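Each residue of the sequence shown is one higher than the last, beginning at 303 in UniProt numbering.
Backbone N, C-alpha and C fix where the C-beta goes; we use that ideal spot for every residue, glycine too.
Since we're looking at a predicted model, the values are computed, not measured.
Let me begin by presenting the structure, written as structure tokens, before commenting on it.
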Amino acid sequence: SADVAGQGLLGSIRGLFTAAISKAFPELGHVEAALGKCAQYKHGDFQCNSPMSLYPLLKARGGGGVAKPHDVARAIIAALPPSPLVESTSVAGPGFINVRLRPTFISDAVRALARDGPAPPPLPANRKLKIAVDFSSPNIAKEMHVGHLRSTIIGDTICRILEFAGHAVLRVNHVGDWGTQFGMLINHMKTAYPDFLTHPPNLTDLTTFYKGAKQAFDESEEFKDVSRKTVVKLQSGDAECLQVWKLLCEISRGEFQKVYDRLGVRLEECGESFYNKMIPGTLDKMEAKGLLKMNEKGLLKVEGGATVCMLDGFTYPLIVRKSDGGYGYDSTDMTAVDYRLNTLGCDWVIYVTDAGQRSHFDMVFERSHFDMVFELLGVDDPVADRDRGAAKACGWLQDASAQRLEHVGFGVVQGEDGKRFKSRSGDTVRLVDLLDEAVKRMHATLVERVASGKSPLSPEKVDEAAAAIGYGAVKYFDLRQHPATNYVFSYDRMLDTRGNTAVYLQFAHARLCSILRKAADEQGARVPDLLASGVPITLAHDAERALAFELMQARGAVANACRPLTIEHNSRACVVLRLDDTGAQRSARSGVELTRLQPRKLQCVYFTDVVEAASAHPQPRDKHASL
Ligand code: ARG
303 SADVAGQGLL
313 GSIRGLFTAA
323 ISKAFPELGH
333 VEAALGKCAQ
343 YKHGDFQCNS
353 PMSLYPLLKA
363 RGGGGVAKPH
373 DVARAIIAAL
383 PPSPLVESTS
393 VAGPGFINVR
403 LRPTFISDAV
413 RALARDGPAP
423 PPLPANRKLK
433 IAVDFSSPNI
443 AKEMHVGHLR
453 STIIGDTICR
463 ILEFAGHAVL
473 RVNHVGDWGT
483 QFGMLINHMK
493 TAYPDFLTHP
503 PNLTDLTTFY
513 KGAKQAFDES
523 EEFKDVSRKT
533 VVKLQSGDAE
543 CLQVWKLLCE
553 ISRGEFQKVY
563 DRLGVRLEEC
573 GESFYNKMIP
583 GTLDKMEAKG
593 LLKMNEKGLL
603 KVEGGATVCM
613 LDGFTYPLIV
623 RKSDGGYGYD
633 STDMTAVDYR
643 LNTLGCDWVI
653 YVTDAGQRSH
663 FDMVFERSHF
673 DMVFELLGVD
683 DPVADRDRGA
693 AKACGWLQDA
703 SAQRLEHVGF
713 GVVQGEDGKR
723 FKSRSGDTVR
733 LVDLLDEAVK
743 RMHATLVERV
753 ASGKSPLSPE
763 KVDEAAAAIG
773 YGAVKYFDLR
783 QHPATNYVFS
793 YDRMLDTRGN
803 TAVYLQFAHA
813 RLCSILRKAA
823 DEQGARVPDL
833 LASGVPITLA
843 HDAERALAFE
853 LMQARGAVAN
863 ACRPLTIEHN
873 SRACVVLRLD
883 DTGAQRSARS
893 GVELTRLQPR
903 KLQCVYFTDV
913 VEAASAHPQP
923 RDKHASL
């Protein structure tokens, strides 16, 4: 029904149970039913866990006529409004309610899905949002590495979901195409390739070029000196410097594009250099809010004479201007935020980088480290006028519901040894090599299968299939992990033909297509016509019913994925906050980054403000309050 389409299936069932709870126990006021998918399919489709949590509440109020959670469950069932969705309910275990959906409801839903194709969920409040997703964003004259691979894959997926949901998405490639490194790169180009203008070098191997420049820079004082002057020349618009800079950008751009083509990812470049001219304007806004100050020598681990923005709750400042007047990553990002919020008027800006940049974005955006802790504790910050991140402090983002900045920080890709994924020689793995290797291995497997008669692929199809499966495997292996966690890279597991892998999924998909083709042949029809005719769907087997049940929730899943993109501080359920007022480690830890805490290693966070806030809150004041 239209209702189910609006709130999603889970929402509809939850609505039924919420209504039943208020009918059965009006004395409790409005209680939203706790509803989830059944852990085990054989018990039902959904389960309602509310009886267990309502029971103590009712008992505390004098009984409510219930002697055990099972009574609560039965009372809720008796109060359930009639619904065409529900076939049966049953009480199980300590008192939860299993719900089974009516089979005809499921088969009708899947039939409509087959006929009409997947439809996006309705736009919340009927509003199409303008969303900029800043992802991939490699650095010019450097190779893309596996960190950029994660950003590219996760970012592209976020874009695809938001685009499917009907929003206007800007796919922004914030390439690192500006900054001090260009002094040495331009200088190296001029010394190592003096006739670069007439004979531009073929620089497909950018690492070698970058390393050459770095080596010259480290070895020669003179080279260093010229490089520094070259930066100034480039920034003041010197024609020759700009020419070399453009050449380097073009070469890199070509290399990046090859990777994007292989992965089927679309991006629009709007790199750091784009913001350079706007930086002074943004800094003026920060200055007007009293956010900037000159750093004194020996302070904050930042050079004396640099202009910084020190925010409450952070141990390190944003460096907005170096002592030589140059701008860097921080001022560029402040300016990009200013531009995206105030010039482009984006409703939402999403940044996809490794989790290590979390602090940077907290400082640039609107959060303070205190916010995270108070959020975890579920209490309000006792300090009302605390400084937040710089964008907030500038007076942007005043209406929290209107514009939103968000960092999606992902974990590290590790080698089998648990350390950062490296090549055999100990260098970071070049993305192109990783992609080549995946395809090469898949190719070998396919050739073997063809030779042993297991696969009917013609030789020319083998190349095509190896690429499709290889790239698919790289993407899926990354996407099936929770983005916030680290994972161990393994070609063997990635290319496994069984289990939860891309190879298995693509194989299953190919088989399904072939079943459909055969069915269509039998009826003398084409597959799309067969589907459009609304063929009856019989769900005879349990596995068919289970599959159909998942399929009909695709729309709700998309709607859910669009809501809380923020990767929950992955430790929410497992951080033990030790409310310890000895203060021994307080100062050392006050800037601790909660996102860095490992779920499995319980860690303690010491926070004086938290002790204060928690004692102001009517929660038990035991020394170890676990959240
Ligand atoms: N170029 C950066 C890197 O390679 C990523 C940039 C992310 N975007 C941003 N607006 N800071 O790590």
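Name the two residues that bound the continuous alpha helix (DSSP H) containing residue i.
{"i": "V764", "result": "761-781"}
{"i": "A434", "result": "Not the alpha helix (DSSP H): A434 falls in the beta strand (DSSP E), residues 432-436."}
{"i": "N489", "result": "483-494"}
{"i": "I581", "result": "581-590"}
{"i": "C864", "result": "856-864"}
{"i": "C461", "result": "448-466"}
{"i": "E574", "result": "No alpha helix (DSSP H) holds E574; DSSP gives it neither H nor E."}
{"i": "L472", "result": "Per DSSP, L472 belongs to no alpha helix (DSSP H); it is in the beta strand (DSSP E), 470-475."}
{"i": "A608", "result": "Taken as a continuous stretch (DSSP letters only), A608 belongs to no alpha helix (DSSP H), as it is neither H nor E."}
At a threshold of 8 angstroms, does residue i count as lining ligand 1 (C-beta to nearest heavy atom)?
{"i": "N441", "result": "yes"}
{"i": "H372", "result": "no"}
{"i": "Q659", "result": "yes"}
{"i": "D765", "result": "no"}
{"i": "V860", "result": "no"}
{"i": "Y495", "result": "no"}
{"i": "D823", "result": "no"}
{"i": "V776", "result": "no"}
{"i": "V477", "result": "yes"}
{"i": "D640", "result": "no"}
When DSSP labels each residue in this structure, what does residue i get in the three-state scheme?
{"i": "N441", "result": "strand"}
{"i": "L879", "result": "Residue placement at L879 cannot be trusted, given a pLDDT of 34 that sits under 50; what the coordinates show is reported in the next sentence. Reduced to three states, the DSSP call for L879 is strand."}
{"i": "L550", "result": "helix"}
{"i": "H501", "result": "coil"}
{"i": "Y618", "result": "coil"}
{"i": "T644", "result": "Per the sequence shown, residue 644 should be read as Asn rather than Thr. DSSP places N644 in helix when its eight states are reduced to three."}
{"i": "S355", "result": "helix"}
{"i": "H709", "result": "strand"}
{"i": "Y789", "result": "strand"}
{"i": "Q716", "result": "strand"}
{"i": "R891", "result": "Unreliable placement is indicated for R891, whose pLDDT of 33 sits below 50; no coordinate value is reported for it."}
{"i": "R363", "result": "coil"}
{"i": "E521", "result": "helix"}
{"i": "K339", "result": "strand"}
{"i": "T637", "result": "helix"}
{"i": "A753", "result": "helix"}
{"i": "V561", "result": "helix"}
{"i": "V731", "result": "coil"}
{"i": "R623", "result": "strand"}
{"i": "T320", "result": "helix"}
{"i": "L569", "result": "coil"}
{"i": "V837", "result": "coil"}
{"i": "M665", "result": "helix"}
{"i": "M796", "result": "helix"}
Taking the beta strand (DSSP E) that residue i falls in, what are its first and last residues?
{"i": "T655", "result": "650-656"}
{"i": "Q349", "result": "348-350"}
{"i": "Q403", "result": "According to the sequence shown, residue 403 is Leu rather than Gln. 398-403 is the span of the beta strand (DSSP E), which, as asked, contains L403."}
Anyone know if the C-beta pair for residue i and residue j falls short of 9 angstroms?
{"i": "F327", "j": "V401", "result": "no"}
{"i": "residue 260", "j": "Q716", "result": "Because the chain in this structure spans residues 303 to 929, residue 260 falls outside the shown range and cannot be described."}
{"i": "G713", "j": "A775", "result": "no"}
{"i": "G468", "j": "V435", "result": "no"}
{"i": "A421", "j": "R857", "result": "yes"}
{"i": "V654", "j": "F484", "result": "no"}
{"i": "K591", "j": "A695", "result": "yes"}
{"i": "P440", "j": "F519", "result": "no"}
{"i": "S575", "j": "W480", "result": "yes"}
{"i": "I652", "j": "H745", "result": "no"}
{"i": "M491", "j": "L550", "result": "yes"}
State buried or exposed for residue i, treating a residue as buried only when at least 16 other CB atoms are found within 10 Å of its CB.
{"i": "L849", "result": "exposed"}
{"i": "R726", "result": "exposed"}
{"i": "residue 283", "result": "Absent from the model: residue 283. The displayed extent of the chain is 303 to 929, so no value can be given."}
{"i": "G583", "result": "exposed"}
{"i": "K777", "result": "buried"}
{"i": "A693", "result": "buried"}
{"i": "M596", "result": "exposed"}
{"i": "H811", "result": "exposed"}
{"i": "R568", "result": "exposed"}
{"i": "T609", "result": "buried"}
{"i": "C815", "result": "exposed"}
So that I know if they touch, is there some Cβ in chain B lying closer than 9 angstroms to that of residue i?
{"i": "K370", "result": "This model lacks chain B altogether, as it is built from one protein chain only."}
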